[in-house]
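S.K.: Sharing a structure with you now.
Residue numbers (our numbering): 10 to 325.
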């Protein structure tokens, strides 16, 4: 694991490329989009398999129901749109047409978080993880880079049941080397440490790594975990980290209500209570701006994580 930031492709691009690979391997893969295929990158599948791609127009609720119907016919649908539109506009259909009957359909929320930047609050999915996690039977994942995205999309295709994956707009720093193994519900420990654990996902994984490097210069040994699956969450990784390091900080590009931090706190509170800190959006929507500027304004940088680490360590 390197402290140096090296950018790869955006996770949305990795999703689009993986869809094409899956389409070639499995004729039952079908793809739906809500008139945003150029942005979600499902357009790559559309170009290869026109007869298996459905542009549903600006009608996310209808897209979700159609995906559910295709799944009941034996297809494996991947339905894509912006996270804010898919989860907020399609929630009732996700609840009753997918979660309730436990339909084998996959949903990809692109442009998650505030890192979409200039598009503004209406396009920023900051409550999507909370909404997805509230749906019984759903698997909910947030890949940190292109390699994680490829692996998690493939796992979603293999998994029997509903899945939600969040992807992002900007290029993502490379976290993993090719060949790394992923498992639904099993976190990846990226760095060992004994003083505090930082549990992050998505773009905040790189921020957590850089925070650990900064802390190392101050004599603080930080364990870093990529909790790519928020649901089902890796209970054993959280409990073991709480027991080993005695303090936990979570970091996510999402509202603090109902996101990664809430899920980790629930596990820690039940099994091994320790001092905790939380990095995320604090009950607010973000404004339009450059991603790096927004991360600074809303407290999502490595430096903010360091401050939270130092605060929770004092409580040990």
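No residue lacks a Cβ here, since even glycine has one placed at the ideal position from N, Cα and C.
1) Which of the three DSSP states, helix, strand or coil, is assigned to residue 136?
2) Closest to residue 174 by CA distance: which of 78, 125 and 89 is it?
3) Starting from the C-beta of residue 311, find all residues in its chain whose C-beta is less than 7 Å away, skip the five residues before and the five after it, and write them out in chain order.
4) Is it buried or exposed for residue 102, if we count other Cβ within 10 angstroms and need 16 for buried?
5) So what does DSSP say about residue 299, is it helix, strand or coil?
6) Can you give me the C-alpha to C-alpha distance between residue 38 and residue 85, rounded to a whole angstrom?
7) Is it buried or exposed, residue 172, if we count other Cβ atoms within 10 angstroms and call 16 or more buried?
8) Hey, is the region 197–204 in contact with the region 233–252, meaning 3+ C-beta pairs nearer than 8 Å?
9) In angstroms with no decimal places, state the Cα-to-Cα distance between residue 164 and residue 114.
10) Between which residues of its own chain and residue 206 is the CB-CB distance below 8 Å, once the five residues before and five after are set aside?
11) For residue 85, which residues does DSSP report across the bridge?
12) Ignoring anything shorter than 4 residues or poking outside the region 138–205, list the alpha helix (DSSP H) runs there in chain order.
13) Report the three-state DSSP secondary structure of residue 24 (helix, strand or coil).
14) Within this structure, are the beta carbons of residue 124 and residue 178 separated by less than 8 Å?
15) Looking at residue 324 and residue 284, is the spacing between their C-beta atoms short of 8 Å?
16) Might you give, ordered along the chain, the residues of its own chain that have their beta carbon closer than 6 Å to the beta carbon of residue 107, omitting 5 neighbours on each side?
17) Would residue 240 pass as a contact of residue 148 if the rule is Cβ separation under 8 Å?
18) Heavy atom of the ligand ZN less than 7 Å from the Cβ of residue 208, yes or no?
19) Got a sec? Which residues, its chain only, sit under 8 Å from residue 294 by beta carbon, not counting five neighbours each side?
20) Compute the beta-carbon to beta-carbon distance between residue 50 and residue 24, rounded to the nearest angstrom, for a pair I have assumed lies under 8 Å.
21) Quick check on residue 283: does DSSP put it in helix, strand or coil?
22) Could you name the residues of the same chain whose beta carbon sits closer than 7 Å to that of residue 226, not counting the 5 residues immediately before and after it, in chain order?
23) Rank 185, 204, 33 and 96 by C-alpha distance to the C-alpha of residue 319 and give the top, closest one.
24) Give me the Cβ distance between residue 315 and residue 286, rounded to the nearest whole Å; I'm assuming they're in contact under 8 Å.
25) When the distance is taken between beta carbons, is residue 57 closer than 8 Å to residue 15?
26) Hey, how far is the Cα of residue 269 from the Cα of residue 63?
M.R.: Concretely, from the data shown:
1) Position 127 of the chain shown, counted from the start, is the residue given in the question as residue 136. DSSP places residue 136 outside both helix and strand once states are collapsed to three, so it counts as coil.
2) Counting from one through the chain shown, the residue named residue 174 turns up at place 165. Checking every option, the nearest Cα to that of residue 174 belongs to 89.
3) Mapped onto the chain shown, residue 311 falls at position 302. Only 216, 219, 220 and 223 meet the Cβ criterion.
4) Start at 1 with the first residue of the chain shown, and residue 102 comes out as number 93. Residue 102 should be labelled buried.
5) As a position in the chain shown, residue 299 is number 290, starting the count at 1. Residue 299: coil per DSSP, three-state reduction.
6) Translated into positions along the chain shown, residue 38 becomes position 29. Translated into positions along the chain shown, residue 85 becomes position 76. Rounded to whole angstroms, residue 38 to residue 85 spans 5 Å at the Cα level.
7) Looking up residue 172 in the chain shown gives position 163. Residue 172 should be labelled buried.
8) yes
9) Taking the first residue of the chain shown as 1, we reach residue 164 at position 155. Taking the first residue of the chain shown as 1, we reach residue 114 at position 105. Cα to Cα, residue 164 sits roughly 13 Å from residue 114.
10) Looking up residue 206 in the chain shown gives position 197. Excluding positions up to five away in sequence, the list reads 231, 232, 233, 234, 250, 251, 253, 254, 256, 257 and 258.
11) Here residue 85 refers to the residue found at position 76 when the chain shown is read from its first residue. In DSSP, residue 85 forms a bridge with 38.
12) As far as the region 138–205 is concerned, its whole alpha helix (DSSP H) runs of at least 4 residues are 155–167.
13) Mapped onto the chain shown, residue 24 falls at position 15. DSSP places residue 24 in helix when its eight states are reduced to three.
14) The sequence position of residue 124 within the chain shown is 115, counting from 1. The sequence position of residue 178 within the chain shown is 169, counting from 1. In this structure, residue 178 lies closer than 8 Å to residue 124 by Cβ.
15) Translated into positions along the chain shown, residue 284 becomes position 275. Translated into positions along the chain shown, residue 324 becomes position 315. Taking 8 Å as the Cβ cut-off, residue 284 and residue 324 qualify as a contacting pair.
16) Counted from its first residue, the chain shown places residue 107 at position 98. Correct list, in chain order: 77, 114 and 171.
17) Indexing the chain shown from 1 puts residue 240 at position 231. Indexing the chain shown from 1 puts residue 148 at position 139. In this structure, residue 148 lies closer than 8 Å to residue 240 by Cβ.
18) The model on display carries no ligand, and the ligand ZN is accordingly not part of it.
19) Looking up residue 294 in the chain shown gives position 285. Excluding sequence neighbours, residue 294 sits near 130, 133 and 135.
20) By 1-based counting over the chain shown, the position of residue 50 is 41. By 1-based counting over the chain shown, the position of residue 24 is 15. Residue 50 to residue 24, Cβ: 6 Å. Contact.
21) Counted from its first residue, the chain shown places residue 283 at position 274. Coil at residue 283, not helix or strand.
22) Here residue 226 corresponds to residue number 217 of the chain shown, with the count starting at 1. Within the same chain, residue 226 has no close Cβ partners at all.
23) Mapped onto the chain shown, residue 319 falls at position 310. The residue with the shortest Cα to Cα distance from residue 319 is 204.
24) As a position in the chain shown, residue 315 is number 306, starting the count at 1. As a position in the chain shown, residue 286 is number 277, starting the count at 1. Separation of the CB atoms of residue 315 and residue 286 is rounded to 11 Å, and the pair is thereby denied contact status at 8 Å.
25) Numbered from its first residue, the chain shown carries residue 15 at position 6. Numbered from its first residue, the chain shown carries residue 57 at position 48. Not closer than 8 Å, so no.
26) Here residue 269 is taken as the residue at index 260 of the chain shown, counted from 1. Here residue 63 is taken as the residue at index 54 of the chain shown, counted from 1. The straight-line gap from Cα to Cα measures roughly 32 Å.
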